[in-house]
Every structure is written in C-alpha cells, then in structure tokens.
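Undergrad:
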Amino acid sequence: MLKLKNIQTFYGNIHALKDVSIEISEGEIVTLIGANGAGKTTTLMSISGIAPPRLGEIYFEDQPIHNLSPNQIVELGICQVPEGRRIFPYLTVLENLDMGAFLRSDKENIKKDLDYVLELFPILAERRHQAGGTLSGGEQQMLAISRALMSKPRLLLMDEPSLGLAPIVVQQIFEIISKINSESNTTIFLVEQNANLALKAAHRGYVMENGRITIGDTTDNLMSNEDVRKAYLGM
Ligand code: ATP
23 MLKLKNIQTF
33 YGNIHALKDV
43 SIEISEGEIV
53 TLIGANGAGK
63 TTTLMSISGI
73 APPRLGEIYF
83 EDQPIHNLSP
93 NQIVELGICQ
103 VPEGRRIFPY
113 LTVLENLDMG
123 AFLRSDKENI
133 KKDLDYVLEL
143 FPILAERRHQ
153 AGGTLSGGEQ
163 QMLAISRALM
173 SKPRLLLMDE
183 PSLGLAPIVV
193 QQIFEIISKI
203 NSESNTTIFL
213 VEQNANLALK
223 AAHRGYVMEN
233 GRITIGDTTD
243 NLMSNEDVRK
253 AYLGM
C-alpha cells in the first residue's frame, strides 16, 4: 500500500533521513521505533508531504506521492495524528470533528463516521459541546484520533499516541488502535518511543537509529532480538 524507496530528507543542512526504505501492506499495523531524535517524526512528515524528501520516492498504491502537496495526500486517504495532539482548543469537540471532514462532501457518510467515532469514544459524545482545550490529555488524544478518522483515511499515521498520558489511558488508546485497524480495515503506521507497547500492538516493525533503518522484521522477531531487547525493551 505504501512504499518509501531510499528517501533522504533534510532540514536545511541537517540530514534527518538517510536512505530510508519502508513498506506497509494494506490492513497492517506497522510500527517505527527509535530513540529521541532518530528521525521518526520526520518519516511521517515526509509521507504526509510536510517535510518532503529531497531524494528518493514514496508510492501510495503505486502512485508517486513525493511531489504532492499535504492537501492532495490527505485527499488520497492518508491522514496524520500529530505528536502532541494539536486539536483546536477553542473549538468544541463536534467542531474539531467537523474540521477533520473538511475535504469531504459526502454528507451522509460523514454523519455515519461521526456516529462511529462517538461510539468508539463515548467520553467525546458526552463532551461534544465542550471546548477541546478543556479536555484532559487522554481525551484530547482521543479527539485527535477521531478528527483524523473523520477524513476517512485508508492509512492512518500516528505520532507517539502514548506521549504524556497515564498508563491506564495509554492502554485504552492502544486497544482502540487495534479496534480501528480490525473493524474499519484502516492500515496504521505507528511511531512510538514506547517500544514495548508499540511492538505488542503492531504486526511488523522497523527500528530507526540516527536517520537510518537498522532492522525491519515481524514484531515477534523484533521482541526476541537481543539488540532490540537491550536497547529498546530494557531487558
Ligand atoms: P522525537 O521522538 O524526539 O520526536 P524523532 O525520532 O521523531 O524524535 P525527529 O523529530 O524526526 O526525530 O528529528 C530527527 C532529526 O531532525 C533530529 O536531529 C532533529 O533535531 C532534526 N529536526 C527535526 N525537526 C527539525 C526542524 N524543524 N528543523 C531542523 N531540524 C529538525
């Protein structure tokens, strides 16, 4: 479904991604783990067209997307849940969700998807008229995920959904991630510093170090890999 072929991404002179190749098949949850500053967020930004690669190619269902604008990429069905949520704090929950459907015109299906996300996160249904900024961190993460789902993505890019949340909330969020993947057949690319959680939730994973992919394998193999256990699982 998604193929990154030897991409190189720069911020001015900073060479953030070095020859990164990643493949994701439809229906998978694939995770990208790595330390702070390894280049995980940049990988997502390159896919979504916010930090496009200077060299290399990105294909979504065999269509090149590395030269498309972020809008065009969303229209193709790729949507990112950014790190730190970035919901609209002064808009209500419902207004935030409306913004997620901004590029769509199929009103009937938008209503169905709204019902689906409010069922997925009943707390958002309860708080539908409350301003986004007054929600707890976990609720804001739920809102950010729901807002992305309102664009009806086929591929959901998630940047550190566990960041800054209490363990119980993180567990809830990860259960929902699996549910979204299995119920609505949404393919998920999950970037996480919490390797334990991410490897349990995903089917396959990649390890990134200093802007390079060092390992790519099934999550079962990654969890039994000595180097991964030592460096990322604290074992
Ligand atoms: P984190 O877990 O801290 O978000 P990360 O693995 O997502 O880390 P990136 O944020 O992708 O890593 O950063 C990769 C490299 O690019 C780092 O060296 C970082 O300092 C640099 N970088 C990231 N964003 C910018 C930017 N806007 N301008 C300049 N350099 C940047």
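Note that the sequence shown ends on residue 257 in this note's numbering; no numbers are left out. Even for Gly, the Cβ is constructed at its ideal location relative to N, Cα and C.
Of all residues in the structure, which have a C-beta closer than 5 Å to any heavy atom of ligand 1, taken in chain order?
TA: So the residues near ligand 1 by this Cβ test are Tyr-33, Ile-36, Ala-38, Asn-58, Gly-59, Ala-60, Gly-61, Lys-62, Thr-63, Thr-64.
Undergrad: Could you pull out every residue in the same chain whose Cβ sits closer than 8 Å to the Cβ of Ala-73, ignoring the five residues on either side in sequence?
TA: Once the five neighbours on either side are set aside, the close Cβ partners of Ala-73 are Thr-31, Tyr-33, Ala-38, Thr-64, Met-67.
Undergrad: Hey, which unbroken runs of the beta strand (DSSP E) at 3 residues or more fall wholly within the stretch 205-252?
TA: Segments of the beta strand (DSSP E) lying fully in the stretch 205-252: 209-214, 226-231, 234-240.
Undergrad: Pull up the CB-CB distance for Ser-168 and Ala-123, whole angstroms please, since I reckon it's below 8 Å.
TA: Rounded, the Cβ-Cβ distance is 11 Å, inconsistent with contact.
Undergrad: Can you say whether Ile-51 is buried or exposed, counting buried as having 16 or more other CB atoms within 10 angstroms of its CB?
TA: By the 10 Å Cβ count, Ile-51 comes out buried.
Undergrad: Determine the extent of the alpha helix (DSSP H) in which Gln-163 is found, giving its start and end residues.
TA: It spans 159-171 - the alpha helix (DSSP H) in which Gln-163 sits, taken as one unbroken run.
Undergrad: Can you pull the DSSP bridge partners for Leu-24?
TA: According to DSSP, Leu-24 bridges with Ile-46, Phe-82.
Undergrad: Measure the alpha-carbon distance for Tyr-81 versus Thr-241 and round it to whole angstroms.
TA: Using only the alpha carbons, I get a separation of about 24 Å.
Undergrad: Could you check where the beta strand (DSSP E) with Asp-120 kicks off and where it finishes?
TA: From DSSP, Asp-120 is part of no beta strand (DSSP E) but of the alpha helix (DSSP H) over 115-122.
Undergrad: Tell me the DSSP secondary structure of Gly-155 in three-state form.
TA: Gly-155: helix per DSSP, three-state reduction.
Undergrad: Grab me the residues of Thr-208's own chain with a C-beta within less than 8 Å of its C-beta, minus the 5 sequence neighbours each way, in chain order.
TA: Counting only Cβ-Cβ distances below 8 Å, and skipping sequence neighbours, we find Leu-171, Pro-175, Arg-176, Leu-177, Leu-178, Ile-202.
Undergrad: If you reduce the DSSP assignment to three classes, tell me which class Ile-72 lands in.
TA: Note: Ile-72 maps to coil in three-state DSSP.
Undergrad: Which term fits Gln-94, buried or exposed, when burial requires 16 or more other beta carbons within 10 angstroms of its beta carbon?
TA: Its Cβ having fewer than 16 others within 10 Å, Gln-94 is exposed.
Undergrad: Going by other Cβ atoms of all chains shown within 10 Å of its Cβ, with 16 needed for buried, is Pro-86 buried or exposed?
TA: The residue in question, Pro-86, is exposed, as its Cβ has fewer than 16 Cβ neighbours within 10 Å.
Undergrad: For Met-180, write down the residues that DSSP places opposite it in a beta bridge.
TA: Note: Met-180 sits in a beta bridge opposite Val-103, Leu-212.
Undergrad: What would DSSP say about Asp-41, mapped onto helix, strand or coil?
TA: Of the three classes helix, strand and coil, the one that applies to Asp-41 here is strand, per DSSP.
Undergrad: Which first and last residues belong to the alpha helix (DSSP H) in which Leu-125 is found?
TA: No alpha helix (DSSP H) holds Leu-125; DSSP gives it neither H nor E.
Undergrad: Does the beta-carbon distance from Lys-62 to Val-213 come in below 7 Å?
TA: Cβ atoms of Lys-62 and Val-213: closer than 7 Å.
Undergrad: For Leu-255, which three-state DSSP category applies?
TA: Three-state result, Leu-255: coil.
Undergrad: Taking the Cβ atom as the reference point for each residue, do Gly-162 and Pro-183 lie within a distance shorter than 7 Å?
TA: Correcting the residue identity first, residue 162 is Gln in this sequence and not Gly. No.
Undergrad: Mind checking if Leu-221 is an interface residue toward chain B, Cβ cutoff 7 Å exclusive?
TA: The chain labelled as chain B is not found in the depicted structure, where only one protein chain is given.
Undergrad: Taking contact to mean at least 3 C-beta pairs separated by less than 8 Å, is the stretch 125-140 in contact with the stretch 186-194?
TA: Because the criterion of three Cβ pairs below 8 Å is not met, the stretch 125-140 and the stretch 186-194 do not touch.
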